[in-house]
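J.: Here you go, one structure.
2 protein chains.
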Amino acid sequence: MSVNQFKRGELYSVINGMASTAVARRLQKNLRNAGIDITIEQWTVLYHLWKEDCLSQQELCNRTYRDKPSITRLIDKLEKQKLLKRSSHKNDKRINLVCLTDAGRALQNVTLELANQTMDEALQDVNKEEIEIVKRVLQKVYDNLNPTSPEGSI
Amino acid sequence: MSVNQFKRGELYSVINGMASTAVARRLQKNLRNAGIDITIEQWTVLYHLWKEDCLSQQELCNRTYRDKPSITRLIDKLEKQKLLKRSSHKNDKRINLVCLTDAGRALQNVTLELANQTMDEALQDVNKEEIEIVKRVLQKVYDNLNPTSPEGSI
DNA sequence: TTGAGATAGTTGCATAAACAACTATTTCAA
DNA sequence: TTGAAATAGTTGTTTATGCAACTATCTCAA
């Protein structure tokens, strides 16, 4: 018999969606209220470029857990808004390097502050230890379902 | 200073998406492999009807954490597939009662088994206590961001 | 009694997701 | 050396989301 056979239906709802959707909506709202006109999905791409600029699209796929078509289209939009720019890799013409523009870099501080604020709202009255457990469990869930994923990268 | 000021950027990624996306993709794949041609979003609607049949669309919104247009369209699709049926409320003509058909009821056992199986895959090597903490924290996150939400309903 | 406001549901528009099928380039082994 | 397989990226199709604006019905207080 399954170890987790109790109330798994409910568990599905918990892990899948409700909290993450609420957080996403709130961050989107906070961005909008600040007059910043990007979606959270676009923000996520920028976030990874702020951590390390000039990544390939494939690398952005790995880091954002999205598939290649999704990244292609997100980058299309961000390039149209002049927040980043595609350029060819010197030695490998298959690869697009995606680099921030000044406008893209300019969004970093404001939006990270908004994201932090959003997480503060979300995590009121949740203590550090509990947060660590949630992080570890959700990472474990991910790894269980993606055996060959890049290790521990969040 | 914020209580949760450590690595909140990473936290965002954890709570928002990566695990829930992985679970959703896996469940979708398991459904597909079993030859069952519905999306997980559609499945979620059916799930709540299996728990309690003949709910209003508004009630389905509350229970699935989706907005009204989303539910309208999911129900459009499910009605087209003859898995459920809209009917008018006797006393209040604004309300659509959404009830399962025999075909809709027939999917219950098979797909719940697949969902349980999926959650077992996802939660390998995660113990009960940790799961309870994750449930509690994510519910807390949701409540923090949705002050007037229906209590504890998962 | 009536009409303003609340509630239930629908439609339109923009964005994003998954998946399959496609092109271009590179790698590597026979 | 060359060509099959691998890798990087794009396009098409279907489905779903959020938000705003809309219609229909109901409630309740002046």
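Residue numbers (this note's numbering), protein chains in the order written: chain F, 1 to 154; chain V, 155 to 308. For each residue, glycine too, the CB sits at the ideal point set by N, CA and C.
1) Quick check on this structure: which residue in F:V126, F:I95, F:N116, F:R63 has the alpha carbon closest to the alpha carbon of N157 of chain F?
2) Between A173 of chain V and chain F, is there a C-beta pair that is closer than 7 Å?
3) Using the three-state DSSP reduction, which class does S153 of chain F fall into: helix, strand or coil?
4) With a cut-off of 8 Å on the beta carbons, I'd call V295 of chain V and A24 of chain F a contact; round off their distance for me.
5) E275 of chain V touches chain F at which residues, Cβ-Cβ below 8 Å?
6) Indicate whether at least one CB of chain V lies closer than 7 Å to the CB of K140 of chain F.
7) Please report the straight-line C-alpha distance between K68 of chain F and I192 of chain V, rounded to a whole angstrom.
8) Does the beta carbon of Q124 of chain F come closer than 7 Å to any beta carbon on chain V?
9) Which residues, in chain order, does the region 21-47 of chain F contribute to contact with chain V at a C-beta distance below 7 Å?
10) By the criterion of Cβ-Cβ separation under 7 Å, what are the contact partners of E284 of chain V in chain F?
11) Alpha carbon to alpha carbon, how far is L232 of chain V from C208 of chain V? Give it in angstroms, no decimals.
12) So does the region 80-88 of chain F actually touch the region 121-138 of chain F, counting three or more Cβ pairs closer than 8 Å?
13) If you draw a straight line from the alpha carbon of N146 of chain F to that of A176 of chain V, how long is it in whole angstroms?
14) Would you tell me roughly how many angstroms separate the C-alpha atoms of E52 of chain F and A257 of chain V, rounded to the nearest one?
15) What residue range is occupied by the uninterrupted beta strand (DSSP E) comprising R86 of chain F?
16) Do you know offhand how far L159 of chain F's Cα is from S242 of chain V's?
17) Pick out whichever of F:G35, F:M119, F:N62 has its Cα sitting closest to the Cα of M172 of chain V.
18) Would you give the residue range spanned by the alpha helix (DSSP H) that L232 of chain V belongs to?
19) With a threshold of 6 Å on Cβ separation, who are the neighbours of I249 of chain V within its own chain once the five nearest residues in sequence on each side are excluded?
T.: Straight from the coordinates:
1) In the structure as shown, chain F starts at 1 and stops at 154, and residue 157 of chain F therefore has no counterpart that could be examined.
2) Working through the second sequence from its first residue, we reach residue 173 of chain V at position 19. Interface residue, yes.
3) As a position in the first sequence, residue 153 of chain F is number 153, starting the count at 1. Its pLDDT being 38, under 50, S153 of chain F is placed unreliably by the model, and the measurement read from it follows with that caveat. When secondary structure is reduced to three states using DSSP, S153 of chain F falls in the coil class, being assigned neither helix nor strand.
4) Along the second sequence, read from residue 1 onward, the residue named residue 295 of chain V stands at position 141. Along the first sequence, read from residue 1 onward, the residue named residue 24 of chain F stands at position 24. Contact flag wrong, Cβ pair sits at about 11 Å.
5) Position 121 of the second sequence, counted from the first residue, corresponds to residue 275 of chain V. Residues of chain F whose Cβ lies closer than 8 Å to the Cβ of E275 of chain V are, in chain order, N144, L145.
6) The residue you call residue 140 of chain F lines up with position 140 of the first sequence. Taking 7 Å as the threshold, the shortest C-beta distance from K140 of chain F to chain V falls below it.
7) Taking the first residue of the first sequence as position 1, residue 68 of chain F is located at position 68. Taking the first residue of the second sequence as position 1, residue 192 of chain V is located at position 38. Looking at the backbone, the Cα of K68 of chain F and that of I192 of chain V are separated by about 24 Å.
8) Here residue 124 of chain F is taken as the residue at index 124 of the first sequence, counted from 1. Yes, Q124 of chain F lies at the interface with chain V (some Cβ there is under 7 Å from its Cβ).
9) Here the close residues are T21, A22, V23, A24, R26, Y47.
10) For the purposes of this step, residue 284 of chain V is taken as the residue at position 130 of the second sequence. In chain order: I133, V137.
11) Sequence index remark: in the second sequence, residue 208 of chain V carries index 54 (1-based). Sequence index remark: in the second sequence, residue 232 of chain V carries index 78 (1-based). One C-alpha to the other measures close to 14 Å.
12) Output reads no: the region 121-138 of chain F does not touch the region 80-88 of chain F.
13) As a first step, residue 146 of chain F must be located in the first sequence, where it is residue number 146. As a first step, residue 176 of chain V must be located in the second sequence, where it is residue number 22. Approximately 8 Å between the Cα atoms of the pair.
14) For this step, residue 52 of chain F is matched to residue 52 along the first sequence. For this step, residue 257 of chain V is matched to residue 103 along the second sequence. It is roughly 51 Å from the alpha-carbon of E52 of chain F to the alpha-carbon of A257 of chain V.
15) Taking the first residue of the first sequence as 1, we reach residue 86 of chain F at position 86. Start and end: 84-88.
16) Because chain F here runs from 1 to 154, residue 159 of chain F falls outside it and cannot be looked at.
17) As a first step, residue 172 of chain V must be located in the second sequence, where it is residue number 18. That would be F:N62, whose Cα lies nearest to the Cα of M172 of chain V.
18) Within the second sequence, the letter at position 78 stands for residue 232 of chain V. For L232 of chain V, the enclosing alpha helix (DSSP H) has its first and last residue at 222-234.
19) Translated into the one-based positions of the second sequence, residue 249 of chain V becomes position 95. Answer for I249 of chain V: S210, H243, listed in chain order.
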